[in-house]
Amino acid sequence: MITFMSQWRLTFSSPAAFVHRSLFTLTGGSHAFLPSSASISSIQLPSFGFPPSAGMKTKTALKRRCKDCFFVIRRGRLFVFCKTNPRHKQRQG
Numbered sequence: 494m495i496t497f498m499s500q501w502r503l504t505f506s507s508p509a510a511f512v513h514r515s516l517f518t519l520t521g522g523s524h525a526f527l528p529s530s531a532s533i534s535s536i537q538l539p540s541f542g543f544p545p546s547a548g549m550k551t552k553t554a555l556k557r558r559c560k561d562c563f564f565v566i567r568r569g570r571l572f573v574f575c576k577t578n579p580r581h582k583q584r585q586g
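For any residue, its number in my numbering is found by taking its place in the sequence shown, counting from 1, and adding 493.
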C-alpha cells in the first residue's frame, strides 16, 4: 500500500502488513480468486531480502533517552540499547 505524504515523498507500509492485508483480502474477501480452501495453502508468500527489524529507530544523531541507555558499536555501526525500556533502541544510519 502506498500513502502519498507530499508531492515528492512516498511511504510504504511494512512488508508484514502488506502480507497480512493480501492474505486477508484473499481469504476473507470475494471468493472469485480462490475456488477452494485447498488453494489457500498453496499460496506463496513474497520473500523480502531482509528480516524485519522490530523496534529499532534509525537516526542520524543518537541520544541517551534515560539513565539506563548505553552505546554499543557493532558491525561498524553505533547502537543505543536500554534494558529498562526497549523502546529506546536506536541505530545510527
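Positions of the beta carbon are idealized from the N, C-alpha and C atoms, including for glycine.
Values in this document were obtained by computation on a predicted structure and should not be read as measured data.
Selection from the options that minimises the alpha carbon distance to residue i
i, options, result
"R570", "C559, Q585, F564, D561", "Q585"
"K556", "N578, V573, R568", "V573"
DSSP-derived helix/strand/coil call for residue i
i, result
"R568", "coil"
"R580", "helix"
"T553", "coil"
Cβ neighbour criterion (16 or more within 10 Å) applied to residue i
i, result
"V565", "exposed"
"K576", "exposed"
"L503", "The pLDDT assigned to L503 is 48, lower than 50, so where the model puts this residue is not dependable; a value taken from the coordinates is nonetheless given after this. When all chains shown are included, L503 counts as exposed."
Identified DSSP bridge partners for residue i
i, result
"C575", "C562"
Integer-rounded CB distance, given that residue j should sit under 8 Å from residue i
i, j, result
"K552", "Q583", "5 Å"
"H581", "R558", "5 Å"
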